[in-house]
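Have a look at the structure below before the remarks.
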Ligand SMILES: C[S@@+](CC[C@H](N)C(=O)[O-])C[C@H]1O[C@@H](n2cnc3c(N)ncnc32)[C@H](O)[C@@H]1O
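In the working numbering, the protein residues as written are 988 to 1238.
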């Protein structure tokens, strides 16, 4: 029987931190989910094989011209306060062998030098959207999102040749969006590809939202650590990851 045991504190993370522990049928802990601030909690969790993160993007939410009405998702992102960017200090090679980080076009000029300066190698990959927003006012269509994979020695990309493409095409998962309502849920196919490519067992997502990284990590047989500030998304992640553990073939 799989169970998510909501317990009050995790002494390793700090006595004030709420945590959900998710175990598999054998009773092994496969996921630890923390509700609170990533910048405070992440350093306390220790070394991870890979941090996989989809942090708040830095977005210009005004404008849009005659396409403005089609930018509903931008309004939702703004309402959730996840358009203001993030602090690069969350990426720390002393705490992770590798990092996968999604980012907006306008964050690349800061993200890539930070990765190049701290890791052995990096590659820029993209998720090409099957149904991009019909927006192109004085710019290009937002038909792809970038993610960088940076690694130190011993944590290089994994997988068969077929898994090692730098681009993946996927559509949004409308059922997940309808069920949980988060504006930026990443497609399961994209997260599954990332999990096939990252080395090691201990995976952390400090901005886990509804737990897309966690679901993919569990399905790939890895251990997951997730942090989310907002109670609503934290609860969604607990639900999704518990369901993923229950759905494992050997469960
Ligand atoms: C882009 S969303 C991640 C969505 C996720 N990839 C998914 O598929 O559901 C970023 C998330 O980071 C959370 N967040 C923003 N700042 C945070 C912080 N300082 N600590 C923890 N979570 C934070 C937001 O509430 C939001 O849910």
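Glycine included, each C-beta is placed from N, C-alpha and C at the ideal position.
- Task: Report yes if the CB atom of residue 1085 is closer than 8 Å to the CB atom of residue 1205, and no otherwise.
- Result: It is not a contact, given that the beta carbons lie outside the stated cut-off.
Could you name the residues of the same chain whose beta carbon sits closer than 6 Å to that of residue 991, not counting the 5 residues immediately before and after it, in chain order? Annotation note: pLDDT 47 at residue 991 (below 50); position unreliable, no value reported.
Practice problem: Report buried or exposed for residue 1021, applying the criterion of at least 16 other Cβ atoms within 10 angstroms of its Cβ. | Solution: With 16 or more Cβ atoms within 10 Å of its Cβ, residue 1021 is classed as buried.
Run of the alpha helix (DSSP H) containing residue 1200, from where it starts to where it stops:
First-last of the alpha helix (DSSP H) with residue 1200: 1199 to 1206.
- Query: With distances taken from CA atoms, which of 1169, 1151, 1120 is nearest residue 1128?
  - Reply: Of the candidates 1169, 1151, 1120, the one whose C-alpha sits nearest the C-alpha of residue 1128 is 1120.
**Request:** Would you be able to state if there are at least three C-beta pairs under 8 Å between the region 1200 to 1217 and the region 1022 to 1034?
**Result:** Judged by pairs of C-beta atoms under 8 Å, the region 1022 to 1034 touches the region 1200 to 1217, as three or more such pairs exist.
task: Report buried or exposed for residue 988, applying the criterion of at least 16 other Cβ atoms within 10 angstroms of its Cβ.
output: A caution first: residue 988 carries a pLDDT of 30, below 50, which makes its placement in the model too unreliable to give a value.
Exercise. Could you tell me whether the region 1158 to 1165 touches the region 1130 to 1145, using the rule of 3 or more Cβ pairs below 8 Å?
Key: Counting C-beta pairs with one atom in each stretch, the region 1158 to 1165 and the region 1130 to 1145 have fewer than three that are closer than 8 Å, which means they do not touch.
Quick one: is residue 1117 buried, meaning 16 or more other Cβ sit within 10 Å of its Cβ, or exposed?
-> So residue 1117 ends up on the exposed side.
query: Who are the near neighbours of residue 1189 in its chain, counting only those whose CB is closer than 6 Å to its CB and skipping five residues on each side?
result: 1035, 1036, 1210.
Query raised in the report: residue 1187: which of 1089, 1038, 1028 sits nearest, CA to CA?
Result: Here the closest residue by C-alpha is 1038.
| task | Classify residue 1100 as buried or exposed, calling it buried when 16 or more other Cβ atoms lie within 10 Å of its own Cβ. | result | A residue is called buried when at least 16 other Cβ atoms come within 10 angstroms of its Cβ; residue 1100 does not meet this threshold and is exposed.
- request: Tell me whether residue 1173 counts as near ligand 1, meaning its Cβ is closer than 7 Å to at least one heavy atom of that ligand.
  value: The beta carbon of residue 1173 sits closer than 7 Å to at least one heavy atom of ligand 1.
DSSP on residue 1104, reduced to helix/strand/coil? Three-state result, residue 1104: helix.
Is it buried or exposed, residue 1096, if we count other Cβ atoms within 10 angstroms and call 16 or more buried? By the neighbour-count rule (16 or more Cβ atoms within 10 Å), residue 1096 is not buried but exposed.
Margin query: For a test of your reading of the model: does the CB of residue 1199 fall under 7 Å from any non-hydrogen atom of ligand 1? Yes or no.
Written below: Yes.
Going by other Cβ atoms of all chains shown within 10 Å of its Cβ, with 16 needed for buried, is residue 1115 buried or exposed?
Taking all protein chains in view, the Cβ of residue 1115 is surrounded by fewer than 16 other Cβ atoms within 10 Å, so the residue is classified as exposed.
>> Once DSSP output is grouped into helix, strand and coil, what is the label at residue 1234?
In response: It is helical.
- Query: Just how far apart, CA to CA, sit residue 1164 and residue 1082?
  - Reply: Residue 1164 and residue 1082 have their alpha carbons spaced roughly 32 Å apart.
Assuming residue 1221 and residue 1191 form a contact by the criterion Cβ under 8 Å, report the distance between their Cβ atoms to the nearest whole angstrom.
-> Their Cβ separation, rounded to whole angstroms, is 15 Å, which puts residue 1221 and residue 1191 out of contact at 8 Å.
Exercise for review: Assuming residue 1088 contacts residue 1044 (C-beta within less than 8 Å), just tell me the rounded distance between them.
Suggested key: So it is not a contact: roughly 11 Å between Cβ atoms.
Given residue 1042, which residues of its chain have a CB within under 6 Å of its CB, disregarding the five upstream and five downstream residues? Excluding positions up to five away in sequence, the list reads 1073, 1194.
Report yes if the C-beta of residue 1024 is less than 7 Å from at least one heavy atom of ligand 1; otherwise report no. Yes, the Cβ of residue 1024 comes within 7 Å of a heavy atom of ligand 1.
Does residue 1149 pass the burial test, meaning 16 or more other C-beta atoms within 10 Å, or should it be called exposed?
Residue 1149 is exposed by the Cβ-count criterion.
Within 10 Å of its beta-carbon, does residue 993 have 16 or more other beta-carbons around it, so buried, or fewer, so exposed?
Since pLDDT at residue 993 reaches only 49, below the 50 mark, its modelled position is unreliable, and the value read off the structure follows with that caveat. Exposed, by the Cβ-count rule.
Practice item. Report the residue from 1027, 1170, 1151 whose alpha carbon sits nearest the alpha carbon of residue 1111. Key: Taking only the C-alpha atoms, the option nearest residue 1111 is 1151.
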